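Asks: Here the sequence shown is numbered in full-length UniProt numbering, starting from 623 and rising by one per residue.
The beta carbon of each residue, even a glycine, is placed where N, CA and C say it ideally should be.
On a predicted model such as this, the values are computed, not experimentally measured, just so you know.
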Amino acid sequence: QAKSAGRRVCRLFDSEMQRQADRRLLIHNQLRNALRNNELVLYYQPQHMVSNDELIGLEALVRWQDGRRGIISPAEFIPIAEETDLIIDIGRWVLLEGCHQFVRWHEAGYQVPQLSINVSARQFHHPAFVEHVHEVLAETGMEPSALNLEITESVVLGNTEDTIHKMTELKDLGISFSIDDFGTGYSSLGYLKRLPVDELKIDRSFIQDVPHDTSNMAIVEAVMAMASHLNFTVTAEGVETRQQLEFLRRHKCAFYQGYLACKPLPADAVERYMTRHGSFAAGSV
Ligand code: C2E
Ligand code: MG
Ligand code: MG
Ligand code: MG
């Protein structure tokens, strides 16, 4: 009796797992087609100085514009893409498209200092990653010192030597690096002093309940203190309220991004945003 019930549960479990696997495979295939059919688009979220609100950068965030389902969030499809080398192709497309757009903006007279691009662990550790970056820089004419790559702690995890080696190579070109979602990974802090990192991005989850959650505030303060000793700048993610911004100002956090300033925007809306924020100087180029 118990045995057959167990088998039944098992079968139920297996078929649920099978359904999940089928669904992932379906999405994976649709995503591959989406990349081929130009259905991926980049949105850009403005990054500002905390002290005076100056616009200092744009983070490229990919979306999937599906004819039937509308706009699909990267939180839904990037993890699936990361299961295979599809993330290599998507990552390369994002880098190319972002740099192309950024150079076009500069040529048109928009003067935002920096473009940030998210890089997945699998993409970063691909043997041809550095070569891909070289190719994109050459193809687009992107100024390497205007390019910031965001990697997560998972990039470093278990692969510190390859990470240091590649980062050093890219930094020699003038590219800068941020640790994205800082504080949410499981890596030790020891790696930080060995990596040629420029910036920590404090994860949104630590900013969320400021100024009500005293533990989160203590974490943000501790990250600020550590960053200052190690000579990293800090960007706060997910800033939604004036109080959060005020808290960051008091603690000398340099940069922020979040809905308080602006949601991620499609390219044409970013142009208007840049114009409103004094980043457009016609005739300057
Ligand atoms: P992320 O790099 O940490 O990006 C920040 C995410 O927080 C974005 O979500 C952004 O829309 C959202 N966000 C920004 N400000 C606020 C705010 O004030 N409040 C709230 N609630 N959310 C805010 P998005 O665009 O859905 O991207 C999710 C994640 O997907 C990104 O997190 C990143 O890890 C990944 N991703 C996006 N584009 C790419 C890409 O081109 N390549 C790779 N490898 N990953 C990407
Ligand atoms: Mg990011
Ligand atoms: Mg982040
Ligand atoms: Mg985050």
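Buried or exposed: Ala743, going by 16 or more other Cβ atoms within 10 Å of its Cβ?
Replies: The residue labelled residue 743 in the question sits at position 121 within the sequence shown. Label assigned to Ala743: buried.
Asks: In the DSSP assignment, find the beta strand (DSSP E) that holds Arg816 and state where it starts and stops.
Replies: Counting from one through the sequence shown, the residue named residue 816 turns up at place 194. Here Arg816 belongs to no beta strand (DSSP E), and DSSP marks it neither H nor E.
Asks: Around ligand 2, what residues have a beta-carbon under 7 Å from a heavy atom of it, in chain order?
Replies: Those residues are Glu681, Ser738, Asn740, Glu772, Asp802 and Lys823, given in chain order.
Asks: Return the chain-ordered list of same chain residues with a C-beta closer than 6 Å to the C-beta of Ser798, the five sequence neighbours on each side being excluded.
Replies: Here residue 798 refers to the residue found at position 176 when the sequence shown is read from its first residue. Taken in chain order, the residues that qualify are Asn770 and Asp820.
Asks: Is any heavy atom in ligand 1 found nearer than 8 Å to the beta carbon of Leu811?
Replies: As a first step, residue 811 is located in the sequence shown; it is residue number 189 there, counting from the start. The answer is no for Leu811.
Asks: What span of residues does the beta strand (DSSP E) with Leu677 cover, start to end?
Replies: For the purposes of this step, residue 677 is taken as the residue at position 55 of the sequence shown. Segment Leu677 to Asp688, the beta strand (DSSP E) holding Leu677.
Asks: Quick check on DSSP: helix, strand or coil for Ile829?
Replies: As a working note, residue 829 is residue 207 in the sequence shown. It is helical.
Asks: In three-state DSSP terms, what is Tyr665?
Replies: In the sequence shown, residue 665 corresponds to position 43, counting from 1. DSSP places Tyr665 in strand when its eight states are reduced to three.
Asks: Check His747 in the structure and name its three-state DSSP category.
Replies: One-based indexing of the sequence shown puts residue 747 at position 125. Looking at His747 - three-state DSSP - the assignment turns out to be coil, as it is neither helix nor strand.
Asks: Do you know offhand how far Val907's Cα is from Pro735's?
Replies: Stepping through the sequence shown from its first residue, residue 907 is reached at position 285. Stepping through the sequence shown from its first residue, residue 735 is reached at position 113. Because Val907 carries a pLDDT of 44, less than 50, the predicted location of this residue cannot be relied on, and the following value inherits that uncertainty. Rounded to whole angstroms, Val907 to Pro735 spans 14 Å at the Cα level.
Asks: Let me check understanding here. Comparing Cα to Cα, which of Glu893, Ile712, His748 and Asp890 lies closest to Asp784?
Replies: In the sequence shown, residue 784 corresponds to position 162, counting from 1. For Asp784, the nearest C-alpha among the options comes from His748.
Asks: For Asp802, which of helix, strand or coil comes out of DSSP?
Replies: In the sequence shown, counting from the first residue as 1, residue 802 sits at position 180. Here Asp802 sits in strand by DSSP.
Asks: May I ask you to report which of helix, strand or coil DSSP gives Val907?
Replies: Position 285 of the sequence shown, counting from 1, holds the residue named residue 907. Interpretation of Val907 is limited by its pLDDT of 44, a score under 50 that renders its predicted location unreliable; the figure taken from the coordinates is listed afterwards. Residue state, collapsed to three classes: coil.
Asks: With three or more beta-carbon pairs closer than 8 Å as the criterion, would you say the segment 869-888 touches the segment 649-669?
Replies: Yes, the segment 869-888 is in contact with the segment 649-669.
Asks: Under 8 Å by Cβ, that's how I've got Glu681 and Leu718 pegged, so tell me the actual separation to the nearest angstrom.
Replies: Along the sequence shown, one-based indexing puts residue 681 at 59. Along the sequence shown, one-based indexing puts residue 718 at 96. In fact, because the Cβ distance is near 16 Å, the residues do not count as touching under 8 Å.
Asks: Can you determine whether any heavy atom of ligand 1 sits closer than 8 Å to the C-beta of Pro888, and answer yes or no?
Replies: Translated into the one-based positions of the sequence shown, residue 888 becomes position 266. Incorrect: Pro888 has no Cβ contact closer than 8 Å to ligand 1.
Asks: Assign Asn770 to one of three DSSP states: helix, strand, or coil.
Replies: Along the sequence shown, read from residue 1 onward, the residue named residue 770 stands at position 148. In the structure shown, Asn770 sits in a strand (DSSP, three-state: E or B).
Asks: On the CB-based measure, 16 or more other CB atoms within 10 Å of its CB, does Phe635 come out buried or exposed?
Replies: For this step, residue 635 is matched to residue 13 along the sequence shown. Phe635 is exposed by the Cβ-count criterion.
Asks: State the CB to CB distance for the pair Glu775 and Ser738, rounded to an integer number of angstroms; the pair is presumed to be in contact (CB under 8 Å).
Replies: One-based indexing of the sequence shown puts residue 775 at position 153. One-based indexing of the sequence shown puts residue 738 at position 116. Between Ser738 and Glu775 the Cβ distance is about 17 Å, and since that is not below 8 Å, they are no contact.
Asks: Mapping DSSP to helix, strand and coil, what is Ile824?
Replies: Numbered from its first residue, the sequence shown carries residue 824 at position 202. Note: Ile824 maps to strand in three-state DSSP.
Asks: Would a C-beta distance cut-off of 9 Å place Phe804 and Asp831 closer than the cut-off?
Replies: What you label residue 804 is simply residue 182 of the sequence shown in a count that begins at 1. What you label residue 831 is simply residue 209 of the sequence shown in a count that begins at 1. Not closer than 9 Å, so no.
Asks: Could you pull out every unbroken beta strand (DSSP E) segment of at least 3 residues lying fully inside the segment 829-886, listed in chain order?
Replies: List check, beta strand (DSSP E) in window: 855-858.
Asks: From the DSSP output, which residues share a beta bridge with Gln736?
Replies: Walking along the sequence shown from the start, residue 736 turns up at place 114. In the DSSP output, where bridge partners are listed per residue, Gln736 has Gly679.
Asks: Which same chain residues end up closer than 7 Å to Phe902 when comparing Cβ atoms and leaving out the 5 residues on each side of it in sequence?
Replies: The sequence position of residue 902 within the sequence shown is 280, counting from 1. If we look at Phe902 and ignore the five residues flanking it on each side, its Cβ neighbours are Gly731, Tyr732 and Met896.
Asks: Can you tell me whether Glu783 sits near ligand 1, meaning its C-beta is under 8 Å from at least one heavy atom of the ligand?
Replies: Against the sequence shown, residue 783 aligns to sequence position 161. Not so, every heavy atom of ligand 1 lies at least 8 Å from the Cβ.
Asks: Using the beta-carbon count (16 or more within 10 Å), is Ala849 buried or exposed?
Replies: Residue mapping note: residue 849 aligns to position 227 of the sequence shown, counting from 1. The residue in question, Ala849, is buried, as its Cβ has 16 or more Cβ neighbours within 10 Å.
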